[in-house]
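Trainee: Take a look at this one; I'll ask things after.
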Amino acid sequence: RRLGPGRVHRIEADAATRHLARENFVGTSGVAVRRDVLHSLGGFDVSLPNSEDRDLWFRIARRHPIVFLDEALHAYRVHADGISARPLRANVPARLEVLRRQLDHALDSTHAQDLRQAMANLHQSVAYEAFDAGDMATCRRAVRAAWKLRPQAQLARRYALSLLGAPLVRRLRDR
Numbered sequence: 004r005r006l007g008p009g010r011v012h013r014i015e016a017d018a019a020t021r022h023l024a025r026e027n028f029v030g031t032s033g034v035a036v037r038r039d040v041l042h043s044l045g046g047f048d049v050s051l052p053n054s055e056d057r058d059l060w061f062r063i064a065r066r067h068p069i070v071f072l073d074e075a076l077h078a079y080r081v082h083a084d085g086i087s088a089r090p091l092r093a094n095v096p097a098r099l100e101v102l103r104r105q106l107d108h109a110l111d112s113t114h115a116q117d118l119r120q121a122m123a124n125l126h127q128s129v130a131y132e133a134f135d136a137g138d139m140a141t142c143r144r145a146v147r148a149a150w151k152l153r154p155q156a157q158l159a160r161r162y163a164l165s166l167l168g169a170p171l172v173r174r175l176r177d178r
């Protein structure tokens, strides 16, 4: 809902929680949170090696609406030592934990489905990354985890291809 002349928007708590299930749309470096809200929720969960921001946004969104300005007020720089530069599978366990926490308290069946889909997508991404790296055992584990959350034909195909083994897959790709 637009509050001002084209640039200030408010997302109600339930809607923000639902959107966060699909994507972390909050840029941490551009956030301002009331101190009392931050303290009442315990701040960032430092036990998480990453995704602690999305965890906090979920906790805030479950209790408070989110207001945002529809303009870029900061820049985001990716550098070689940052979390974003790590292989996906290094970041996935914490991302999954954050989504699992939300799944335990899903707003309704649609929200639970969106959370399971987001979790399946993470596993599927790990499967693709592992497949491309020739790590077929990790690929199969990730495909099985994704399948449990949301069975899809493309997962069965990826699993079957992984059974061929990395050398044969490389030869097929080189053709």
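Throughout the sequence shown, residue numbering follows the numbering used here, covering 4 to 178 in sequence.
Ideal placement from N, C-alpha and C gives every residue a C-beta, glycine not left out.
All values derive from a computational prediction rather than experimental measurement.
Using three-state DSSP, classify F47 as helix, strand or coil.
Mentor: Position 44 of the sequence shown holds residue 47. F47: coil per DSSP, three-state reduction.
Trainee: Please return the same chain residues whose Cβ sits closer than 8 Å to the Cβ of L110, not counting the five positions on each side in sequence.
Mentor: To locate residue 110, count along the sequence shown from 1; it is residue 107. These residues qualify, in order along the chain: D17, T20, R21.
Trainee: Could you name the residues that DSSP lists as bridge partners for R13?
Mentor: Reading the sequence shown from its first residue, position 10 is the one you call residue 13. DSSP output for R13 lists V70 as bridge partner(s).
Trainee: State whether the region 149 to 163 contacts the region 123 to 132, with contact taken as three or more CB pairs (one from each stretch) at a distance under 8 Å.
Mentor: Yes, the region 149 to 163 is in contact with the region 123 to 132.
Trainee: Could you spell out the range, first to last residue, of the alpha helix (DSSP H) harbouring Q127?
Mentor: Within the sequence shown, residue 127 is the residue found at index 124, counting from 1. Its alpha helix (DSSP H) spans residues 112 to 136.
Trainee: Out of curiosity, what's the CA-to-CA distance linking S50 and R174?
Mentor: By one-based count along the sequence shown, residue 50 stands at place 47. By one-based count along the sequence shown, residue 174 stands at place 171. In this structure, the CA atom of S50 is about 43 Å from the CA atom of R174.
Trainee: Okay, do the region 99 to 115 and the region 75 to 84 touch, 3+ Cβ pairs below 8 Å being the bar?
Mentor: no
Trainee: What is the rounded straight-line gap between the Cα of V70 and the Cα of F28?
Mentor: Locating residue 70 in the sequence shown gives position 67, counting from the first residue. Locating residue 28 in the sequence shown gives position 25, counting from the first residue. Taking the straight line from one Cα to the other gives about 12 Å.
Trainee: For T141, collect the residues of the same chain with a Cβ closer than 6 Å to its Cβ; drop the 5 residues on either side in sequence, then sort them by chain order.
Mentor: For the purposes of this step, residue 141 is taken as residue 138 along the sequence shown, with counting starting at 1. Taken in chain order, the residues that qualify are A133.
Trainee: Could you check the C-alpha separation between D58 and F47 for me, to the nearest Å?
Mentor: In the sequence shown, counting from the first residue as 1, residue 58 sits at position 55. In the sequence shown, counting from the first residue as 1, residue 47 sits at position 44. C-alpha separation (whole angstroms): 8 Å.
Trainee: Tell me whether S43 is buried or exposed, calling it buried when 16 or more other Cβ atoms sit within 10 Å of its Cβ.
Mentor: Looking up residue 43 in the sequence shown gives position 40. Counting Cβ neighbours within 10 Å, S43 comes out exposed, since fewer than 16 surround it.
Trainee: Under a three-way DSSP split, which group does Q157 fall into?
Mentor: Locating residue 157 in the sequence shown gives position 154, where the first residue counts as 1. It is helical.
Trainee: Provide the residue span of the alpha helix (DSSP H) that contains L59, from first to last.
Mentor: Within the sequence shown, the letter at position 56 stands for residue 59. Annotation for L59: the continuous alpha helix (DSSP H) segment containing it runs 55 to 64.
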